[in-house]
Amino acid sequence: MFEITETAALENLPGARILMKEIKELGCGFVLDDFGVGFSSFYYLRELPVDAVKIDGSFIRNITENSDDRILVNALCNVASGFGKKITAEFVENEQIFLQLKKMKIDYVQGYYIGKPAPYNNYFQQSELPER
Numbered sequence: 035m036f037e038i039t040e041t042a043a044l045e046n047l048p049g050a051r052i053l054m055k056e057i058k059e060l061g062c063g064f065v066l067d068d069f070g071v072g073f074s075s076f077y078y079l080r081e082l083p084v085d086a087v088k089i090d091g092s093f094i095r096n097i098t099e100n101s102d103d104r105i106l107v108n109a110l111c112n113v114a115s116g117f118g119k120k121i122t123a124e125f126v127e128n129e130q131i132f133l134q135l136k137k138m139k140i141d142y143v144q145g146y147y148i149g150k151p152a153p154y155n156n157y158f159q160q161s162e163l164p165e166r
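Those letters in the sequence shown? Residues 35 to 166, by our numbering.
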């Protein structure tokens, strides 16, 4: 999956759409990153051939304490799933956030609660690494 931001797509929307469709034909997918942050998120959701959205961590980090964030994330999820897109939430830093998102039927989560960033080699034995 390739992540694309609104800023990247904004430069040349028709060209971005064509290139993305060609890359998708090769079996790759696209995620609309920072979903909900910019003014054009819904427009890009409709106009670009993305497979998924990633809800920005600024909406997630206080979701257990802030009812406004819960309302916004729920609305973003309803819109994205209505378009048939998978949903990832970033900034899942603790169990409370994880459980709140689980109730909202988020497809994927990422953040320190799930796992801290680490070198690629830490996750695979040398025999499992692809040859260069």
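Ideal Cβ positions, reconstructed from N, Cα and C, are used throughout, including at glycine.
- For residue 122, the CB contacts under 8 Å within the same chain, skipping 5 residues up- and downstream, are 65, 86, 87, 88, 89, 140, 141, 142, 143 and 144 in chain order.
- For residue 148, the closest C-alpha among the options 36, 129 and 154 is that of 129.
- Counting only unbroken stretches of 3 or more residues, the beta strand (DSSP E) elements lying wholly within the stretch 99-163 are 120-123, in sequence order.
- Here the alpha carbons of residue 40 and residue 71 stand approximately 9 Å from one another.
- The beta carbon of residue 57 sits closer than 8 Å to the beta carbons of 36 and 64 from its chain, once the five residues preceding and following it are set aside; these are given in chain order.
- Using a 10 angstroms sphere on the CB of residue 135, the tally of other CB atoms reaches 16 or more, which defines it as buried.
- Just so you know, the alpha carbons of residue 96 and residue 59 end up roughly 38 Å apart.
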